[in-house]
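Engineer: Here this note's numbering is used: the first residue of the sequence shown is 2, the next is one more, and so on.
Every residue, glycine too, gets a C-beta built ideally from N, C-alpha and C.
I'd like to ask you about the structure that follows.
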Amino acid sequence: MKALIHIGIPKSGTSSIQAFLAGNRAALSDQGVLYAPFNPEFGSQYELPVTALGACGAQVGPELERRRLGFRGPEDQRSYIRRYTDWLDGLLRDTDLPRFVGSSEHIHAWLTTPERIAALDRFLTARFSHVQYLVYLRPQEELLTSSYSEAVRRGATHDFAAHLAARARLDLWRGVKPWVEGVGRARLHVRLMVPDALEGGDLLADFSAAAGIEAGGLARPARANTALSVGEIALRRRLNRVLPVHTQSGRAHPLHRMALRCLSPLVRDRARLHLNPAQLAQVRACNAASNEKLRKRFFWTRPALF
């Protein structure tokens, strides 16, 4: 059985890919593709990076994820890894499907060194005849507006100028380089989230082609995690100053949710947030060297990366 693992980068179509896989699980099986999340209630397949962390003697760091996975201490994480390993091995013994597909944004977030990446690769290559990795890179200016929208959604109150000042440099090569070192260039497939680089100018069509999936007739998910409009950002920033977005348990705070429900219909400015020409030039200048490294190594026929 061959495997394709999607390294999900936040705000780079990851939620759409995961919703596509989850919504078409039975149809994918009919095409010979096994999509088998250990925790189907989550979009991200935590089990993949957690297993690699465990092999390196590391623990899941963020408290939110530890609570979500039920990790009160190191033994809980070790037990989770044992249960997942036994479950996956049993699943693979009982299936004759020729392809396996997985996706997790926590692979990108937690496996940031060649050592951790190689640990995941050892786990997978022990079970699959051939393992490939797929990652999508989005233009930095789009990542900035999208990440700002997400920050406000999660409770931020700062303006976009402050966000830009802190995050204008988004070194995409820095995230790709450890994968080249950990698994090699030949098994790492880097794709660009720009229309002229995607199959049919479409992310899901491109992902399907990479995964050997016949997308015709499969359900397409509604857009997930869409960016807030300019007016929605302004409203949420005001609310965030006076009301908490989440309770201590991490759930949506009922007062904040109620205020949004009441006030959102009054928002008039539904335009998307865009960088002005000076901001765009700043972002491109900050990232020119990194982007050129990627272009030379993966996209040498393109005049520019984006």
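#1: Only counting the same chain, and skipping five residues up and downstream in sequence, which positions put a Cβ closer than 6 Å to that of glutamine 19?
#2: Which full runs of the alpha helix (DSSP H) of 4+ residues lie inside the segment 42 to 116, going along the chain?
#3: Given a cut-off of 9 Å on the beta-carbon distance, is the pair leucine 173 and leucine 138 in contact?
#4: What's the gap between the Cα of leucine 256 and the Cα of leucine 229?
#5: Taking buried to mean at least 16 other C-beta atoms within 10 Å of its own C-beta, is histidine 247 buried or exposed?
#6: For proline 63, does the count of other Cβ atoms within 10 angstroms reach 16, so buried, or fall short, so exposed?
#7: With a threshold of 8 Å, are at least 3 pairs of Cβ atoms found where one atom belongs to the segment 143 to 151 and the other to the segment 40 to 55?
#8: Are three or more beta carbon pairs between the segment 230 to 240 and the segment 148 to 159 nearer than 8 Å?
#9: Indicate whether the contact test is met: 3 or more Cβ pairs, each with one atom in the segment 283 to 291 and one in the segment 173 to 186, closer than 8 Å.
#10: Should arginine 100 be labelled buried (16 or more other beta-carbon atoms within 10 Å of its own) or exposed?
#11: Can you list, in chain order, the stretches of the alpha helix (DSSP H) that have 4 or more residues and sit fully within the segment 202 to 236?
#12: Report the rounded CA-to-CA distance for histidine 131 versus alanine 198, giving the unit in angstroms.
#13: Once the 5 residues before and after glycine 55 are set aside, which same chain residues still bring their CB inside 7 Å of it?
#14: Given a cut-off of 9 Å on the beta-carbon distance, is the pair valine 34 and alanine 212 in contact?
#15: My understanding is that tyrosine 149 touches isoleucine 6, with C-beta atoms under 8 Å, so please give their C-beta distance in whole angstroms.
#16: Taking only runs of the alpha helix (DSSP H) that begin and end inside the segment 137 to 208, which ones reach a length of at least 4 residues, in chain order?
#17: Is the segment 21 to 33 close to the segment 81 to 95, with three or more CB pairs under 8 Å?
#18: Within a Cβ cutoff of 7 Å, which residues of the same chain sit near alanine 210, ignoring the five residues on either side of it in sequence?
#19: Please report how far the alpha carbon of valine 181 lies from the alpha carbon of proline 140, in whole angstroms.
#20: For alanine 305, count the other beta carbons within 10 Å of its own beta carbon; 16 or more makes it buried, fewer makes it exposed. Which is it?
#21: Are proline 11 and alanine 110 touching if we call contact CB-CB under 9 Å?
#22: Taking the alpha-carbon of asparagine 277 as reference, which of Asp270, Arg271, Arg285 has the nearest alpha-carbon?
#23: Along the chain, where does the beta strand (DSSP E) containing histidine 7 start, and where does it finish?
#24: When you compare only the Cα positions, how much space is there between arginine 242 and threonine 158?
#25: Checking the sheet assignment: what are the DSSP bridge partners for tyrosine 134?
#26: Quick check on this structure: which residue in Met194, Leu98, Tyr36, His107 has the alpha carbon closest to the alpha carbon of leucine 312?
#27: Provide the residue(s) that pair with histidine 247 in DSSP beta bridges, ordered along the chain.
#28: Determine the DSSP secondary structure at arginine 273, reduced to helix, strand or coil.
Structural biologist: In terms of the structure at hand:
#1: By one-based count along the sequence shown, residue 19 stands at place 18. Only Gly44, Ser104 meet the Cβ criterion.
#2: 48 to 56, 64 to 70, 75 to 95, 106 to 111
#3: Counting from one through the sequence shown, the residue named residue 173 turns up at place 172. Counting from one through the sequence shown, the residue named residue 138 turns up at place 137. A contact, by the Cβ cut-off of 9 Å.
#4: Translated into positions along the sequence shown, residue 256 becomes position 255. Translated into positions along the sequence shown, residue 229 becomes position 228. So the alpha carbons of these two residues sit roughly 20 Å apart.
#5: As a first step, residue 247 is located in the sequence shown; it is residue number 246 there, counting from the start. Answer is exposed; the Cβ neighbour count stays below 16.
#6: In the sequence shown, counting from the first residue as 1, residue 63 sits at position 62. Proline 63 is exposed by the Cβ-count criterion.
#7: no
#8: yes
#9: The segment 283 to 291, when compared against the segment 173 to 186, does touch it at the 8 Å Cβ threshold.
#10: Counting from 1 along the sequence shown, the entry for residue 100 is found at position 99. By the neighbour-count rule (16 or more Cβ atoms within 10 Å), arginine 100 is buried.
#11: Counting whole runs of 4 or more residues, the segment 202 to 236 contains the alpha helix (DSSP H) stretches 204 to 212.
#12: What you label residue 131 is simply residue 130 of the sequence shown in a count that begins at 1. What you label residue 198 is simply residue 197 of the sequence shown in a count that begins at 1. Each residue's alpha carbon lies about 25 Å from the other.
#13: Residue 55 sits at position 54 when you count from the first residue of the sequence shown. These residues qualify, in order along the chain: Gln78, Arg79, Ile82.
#14: The residue given as residue 34 occupies position 33 in the sequence shown. The residue given as residue 212 occupies position 211 in the sequence shown. Yes. Within cutoff.
#15: As a working mapping, residue 149 is identified with position 148 in the sequence shown. As a working mapping, residue 6 is identified with position 5 in the sequence shown. About 29 Å separates the two Cβ atoms, so there is no contact after all.
#16: 141 to 154, 161 to 168, 173 to 184
#17: No: fewer than three Cβ pairs fall under 8 Å.
#18: Along the sequence shown, read from residue 1 onward, the residue named residue 210 stands at position 209. Cβ within range, chain order: Glu200.
#19: The count along the sequence shown starts at 1 and reaches residue 181 at position 180. The count along the sequence shown starts at 1 and reaches residue 140 at position 139. Those two C-alpha atoms are separated by around 20 Å.
#20: Within the sequence shown, the letter at position 304 stands for residue 305. Result: exposed.
#21: In the sequence shown, residue 11 corresponds to position 10, counting from 1. In the sequence shown, residue 110 corresponds to position 109, counting from 1. In contact: proline 11 and alanine 110 (Cβ atoms closer than 9 Å).
#22: Residue 277 sits at position 276 when you count from the first residue of the sequence shown. Residue Arg285 is the option with its Cα nearest to asparagine 277.
#23: Here residue 7 refers to the residue found at position 6 when the sequence shown is read from its first residue. Run containing histidine 7: 3 to 8, per the beta strand (DSSP E) assignment.
#24: Along the sequence shown, read from residue 1 onward, the residue named residue 242 stands at position 241. Along the sequence shown, read from residue 1 onward, the residue named residue 158 stands at position 157. Approximately 6 Å, taken between the alpha carbons.
#25: Within the sequence shown, residue 134 is the residue found at index 133, counting from 1. Tyrosine 134 pairs with Ile6, Leu189.
#26: This structure gives no information on residue 312, because the portion of the chain shown stretches from 2 to 307.
#27: To locate residue 247, count along the sequence shown from 1; it is residue 246. In the DSSP output, where bridge partners are listed per residue, histidine 247 has Ala253.
#28: For the purposes of this step, residue 273 is taken as residue 272 along the sequence shown, with counting starting at 1. It is a strand residue.
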